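Asker: Input: one structure, supplied below.
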Amino acid sequence: MALVGKGNFLSLEPGQSVRCIASCAKPVSRPFRALAAGKCSNVGNLCSRSIHTRRVARVDEFEIFGISRVRQVRQRLRMQNRFMAQSDMVTPERGENEDATGAHATEKPMPERVAEIKGEPSSAFAVAIRNLGLNVKNEKGEIPVLKDCSLNVPEGQLWMLLGPNGCGKSTLLKAMAGLLKPNRGKMFVIGPRSFVFQNPDHQVVMPTAEADVAFGLGRFELSIEEVRERVHNSLKAVGMDSYAQRPVQTLSGGQKQRIAIAGALAESSRLLLLDELTTYLDRGDQIGVLEAVRQVVGVEQKVTALWVTHRLEELEYADGAAYMENGRVVLSGSVAEIEAYIKRKQAQFYSEQEMLR
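Counting in full-length UniProt numbering, the sequence shown runs from 1 upward without gaps.
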């Protein structure tokens with residue numbers, strides 16, 4: 001895992017289902033001990049064969065990791081590896097033939113894999129997409145999900161992406177992240193970038209808030225002081241600095257989402273790809289997450305966010321918006337324009353329903 005060091009490790013045999021308990025040399029209030037030397041061992045290989053358990057709140061209190069937690073950590077590691085290995089984008093800092101970076105901030109350049117997807121530098125946009133097409137395969141063959149999709153997102157702004165179920169919103173977001181490979185078109189996406197999922201339990205897997213934010217920093221050659229500073233600043237940016245040592249299982253869904261966003265900020269991500277973050281949250285947590293994203297987005301912070309949502313009321317937090325139908329962006333622009341378009345469609349739908357009665 002990202003935080004490796006002097007703790008004890010328990011090997012897992014295939015099919016083992018018992019819970020494992022182990023102590024560490026130091027409590028989790030110092031979750032960065034593995035980075036003290038400035039380097040970490042291979043993250044994926046270590047996690048594939050061992051569990052690292054650590055103390056949680058007191059010297060005599062231990063975290064228990066079962067198989068389900070190990071699967072969560074492995075899933076997150078696999079997703080991070082996919083981001084790093086499948087980056088198809090050209091970022092504004094580079095020319096067309098230079099190396100691409102991973103979906104998260106990384107010091108190591110990634111090779112450009114898709115020759116058809118090209119980008120042209122632009123200081124005005126964090127995202128510039130032209131006539132993007134993407135097919136998915138099922139038992140019936142290839143199905144077009146994105147069809148000549150085009151979109152511009154200005155740098156340093158929060159944009160909302162709306163549309164009916166199945167119109168391709170999440171697919172477009174995954175294509176930007178490098179999780180899906182487009183078949184045609186042009187794409188220009190700023191980097192580094194991070195993807196935050198609907199369910200925070202699939203992304204926040206470490207025992208404490210500060211340990212989870214530090215999770216992805218194991219890929220960088222950082223001193224312990226640099227890690228602490230990044231974690232503190234990122235938690236403070238989303239209003240979670242007072243929860244740094246809280247066990248994640250005691251946090252609400254909205255607080256976990258803010259921890260996930262803090263993890264992206266700690267890795268110096270300039271583009272946040274946010275997939276329906278408020279789906280599983282109550283109204284209070286929804287507002288907390290929206291305000292946290294609104295606070296970190298801006299030209300000064302050099303952070304841009306694209307937020308997929310079904311909730312019209314969330315548009316009040318946005319600088320701009322786009323509306324998708326049938327695999328295409330049919331309208332993009334100001335919040336007022338998108339609201340007016342959606343309300344016209346709703347009025348038309350209700351009118352048609354009345355005529356059918």
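Virtual Cβ for every residue (Gly too), placed ideally from N, Cα, C.
As the structure is a computational prediction, the values presented were derived from the model and not from experiment.
1) Beta-carbon within less than 7 Å of Asp-319's beta-carbon, same chain only, minus the 5 sequence neighbours each way: which residues are those?
2) Do the stretch 266 to 277 and the stretch 305 to 314 meet, that is, are 3 or more Cβ pairs less than 8 Å apart?
3) Ser-223 to Ser-268, Cα distance in whole Å?
4) Indicate the three-state DSSP secondary structure (helix, strand or coil) for Ala-177 in the structure shown.
5) Compute the Euclidean distance between the alpha carbons of Val-248 and Ala-292, then round it to the nearest angstrom.
6) Does the distance from the CB of Tyr-153 to the CB of Val-189 come in under 7 Å?
7) Run through DSSP, which three-state label would Ile-224 get?
8) Under 7 Å between the Cβ atoms of Val-204 and Ala-266?
9) Here's the rule: buried if 16 or more other CB atoms are within 10 angstroms of the residue's CB, otherwise exposed. What is Asp-285?
10) Identify the continuous beta strand (DSSP E) that holds Met-324 and give its terminal residues.
11) For Glu-276, which three-state DSSP category applies?
12) At the level of alpha carbons, what is the spacing between Tyr-280 and Gly-253?
13) Residues in its own chain within less than 6 Å of Val-238 by CB, not counting five upstream and five downstream?
14) With respect to the beta strand (DSSP E) encompassing Asp-148, which residues constitute its N-terminal and C-terminal limits?
15) With respect to the beta strand (DSSP E) encompassing Val-293, which residues constitute its N-terminal and C-terminal limits?
16) Do Glu-339 and Gly-163 have their C-beta atoms within less than 7 Å of each other?
17) Taking C-alpha atoms, which residue in Lys-256, Arg-230 and Leu-356 lies nearest to Val-196?
18) Select from Leu-312, Tyr-350, Tyr-317 and Arg-270 the residue whose C-alpha is nearest the C-alpha of Phe-125.
19) If I'm right that Leu-161 touches Leu-146 with Cβ under 8 Å, what's the distance once you round it to whole angstroms?
20) Identify every residue that forms a DSSP beta bridge with Arg-328.
21) Which of the three DSSP states, helix, strand or coil, is assigned to Ile-338?
22) Tell me which same chain residues have a C-beta within less than 6 Å of the C-beta of Lys-169, skipping the five on either side of it?
23) Do Arg-328 and Cys-149 have their CB atoms nearer than 7 Å?
24) For Pro-182 and Arg-357, what's the separation of their Cα atoms in angstroms?
25) Given this structure, state the Cα-to-Cα distance separating Pro-27 from Glu-221, to the nearest angstrom.
26) With burial defined as no fewer than 16 other Cβ atoms inside 10 Å of the residue's Cβ, what is the status of Ser-41: buried or exposed?
27) Just mark Ala-317 as buried or exposed, buried being the case when its beta carbon has 16 or more other beta carbons within 10 Å.
28) Please list the terminal residues of the continuous alpha helix (DSSP H) segment that includes Ile-259.
29) Any Cβ of chain C within less than 7 Å of the Cβ of Lys-181?
30) Could you give the C-beta distance for Leu-180 and Lys-186, rounded to a whole number, given that I count them as a contact under 8 Å?
31) In chain order, what residues of the same chain lie with their CB nearer than 7 Å to the CB of residue 423, ignoring the 5 residues before and after it?
Answerer: Looking at the atomic coordinates:
1) Your numbering for residue 319 matches position 319 in the sequence shown. Within the same chain, Asp-319 has close Cβ partners Gln-157, Leu-158 and Trp-159.
2) With the rule of 3 Cβ pairs closer than 8 Å, the stretch 266 to 277 counts as touching the stretch 305 to 314.
3) One-based indexing of the sequence shown puts residue 223 at position 223. One-based indexing of the sequence shown puts residue 268 at position 268. Between the alpha carbons of Ser-223 and Ser-268 lies a gap of roughly 16 Å.
4) What you label residue 177 is simply residue 177 of the sequence shown in a count that begins at 1. The three-state secondary structure of Ala-177, taken from DSSP, is helix.
5) By one-based count along the sequence shown, residue 248 stands at place 248. By one-based count along the sequence shown, residue 292 stands at place 292. If you draw a straight line from the Cα of Val-248 to the Cα of Ala-292, it is about 18 Å long.
6) Indexing the sequence shown from 1 puts residue 153 at position 153. Indexing the sequence shown from 1 puts residue 189 at position 189. Inspection of the sequence shows that residue 153 is occupied by Val rather than by Tyr. No, these two residues do not count as a Cβ contact at 7 Å.
7) By one-based count along the sequence shown, residue 224 stands at place 224. When DSSP states are grouped into helix, strand and coil, Ile-224 belongs to the helix group.
8) Here residue 204 refers to the residue found at position 204 when the sequence shown is read from its first residue. Here residue 266 refers to the residue found at position 266 when the sequence shown is read from its first residue. The Cβ-Cβ distance between Val-204 and Ala-266 does not fall below 7 Å.
9) Residue 285 sits at position 285 when you count from the first residue of the sequence shown. Buried, since its Cβ has 16 or more Cβ neighbours within 10 Å.
10) Mapped onto the sequence shown, residue 324 falls at position 324. That run of the beta strand (DSSP E) goes 320 to 325.
11) Position 276 of the sequence shown, counted from the start, is the residue given in the question as residue 276. The answer is coil: DSSP assigns Glu-276 none of H, G, I, E or B.
12) Along the sequence shown, one-based indexing puts residue 280 at 280. Along the sequence shown, one-based indexing puts residue 253 at 253. Between Tyr-280 and Gly-253, the C-alpha separation is close to 7 Å.
13) Within the sequence shown, the letter at position 238 stands for residue 238. Same-chain partners within the cutoff: Arg-258, Ile-261, Ala-262 and Ala-292.
14) If you number the sequence shown from 1, residue 148 lands on position 148. Element bounds for Asp-148: 141 to 154.
15) Position 293 of the sequence shown, counted from the start, is the residue given in the question as residue 293. Val-293: not part of any beta strand (DSSP E); member of the alpha helix (DSSP H) spanning 283 to 296, first to last residue.
16) As a working note, residue 339 is residue 339 in the sequence shown. As a working note, residue 163 is residue 163 in the sequence shown. Between Glu-339 and Gly-163, the C-beta spacing is not below 7 Å.
17) Within the sequence shown, the letter at position 196 stands for residue 196. Of the candidates Lys-256, Arg-230 and Leu-356, the one whose C-alpha sits nearest the C-alpha of Val-196 is Lys-256.
18) The residue you call residue 125 lines up with position 125 of the sequence shown. Its Cα nearest to that of Phe-125, the residue Arg-270 stands out among Leu-312, Tyr-350, Tyr-317 and Arg-270.
19) As a first step, residue 161 must be located in the sequence shown, where it is residue number 161. As a first step, residue 146 must be located in the sequence shown, where it is residue number 146. 13 Å between Cβ atoms; not a contact.
20) Residue 328 sits at position 328 when you count from the first residue of the sequence shown. Per DSSP, the beta bridge partners of Arg-328 are Glu-325.
21) Sequence index remark: in the sequence shown, residue 338 carries index 338 (1-based). Helix at Ile-338.
22) As a working mapping, residue 169 is identified with position 169 in the sequence shown. Excluding residues within five positions, the ones whose Cβ falls inside 6 Å are Leu-161, Gly-163, Val-308 and Met-324.
23) By one-based count along the sequence shown, residue 328 stands at place 328. By one-based count along the sequence shown, residue 149 stands at place 149. Cβ atoms of Arg-328 and Cys-149: closer than 7 Å.
24) In the sequence shown, counting from the first residue as 1, residue 182 sits at position 182. In the sequence shown, counting from the first residue as 1, residue 357 sits at position 357. About 43 Å.
25) Taking the sequence shown and counting its residues from 1, the one referred to as residue 27 is at position 27. Taking the sequence shown and counting its residues from 1, the one referred to as residue 221 is at position 221. Residue placement at Pro-27 cannot be trusted, given a pLDDT of 34 that sits under 50; what the coordinates show is reported in the next sentence. A direct Cα-to-Cα measurement between Pro-27 and Glu-221 gives close to 23 Å.
26) Working through the sequence shown from its first residue, we reach residue 41 at position 41. For Ser-41, the predicted model reports a pLDDT of 35, less than 50, meaning its position is unreliable; a value from the coordinates is still stated below. Exposed is the call here.
27) As a first step, residue 317 must be located in the sequence shown, where it is residue number 317. It should be pointed out that residue 317 corresponds to Tyr in this sequence rather than to Ala. With 16 or more other Cβ atoms within 10 Å, it is buried.
28) Position 259 of the sequence shown, counted from the first residue, corresponds to residue 259. Looking at the DSSP string, the run of the alpha helix (DSSP H) that includes Ile-259 is 253 to 266.
29) Note that chain C does not occur in the displayed structure, where there is just one protein chain.
30) Looking up residue 180 in the sequence shown gives position 180. Looking up residue 186 in the sequence shown gives position 186. Leu-180 to Lys-186, Cβ: 16 Å. No contact.
31) In the structure displayed, the chain extends from 1 to 357; residue 423 sits before or after that span and is not available.
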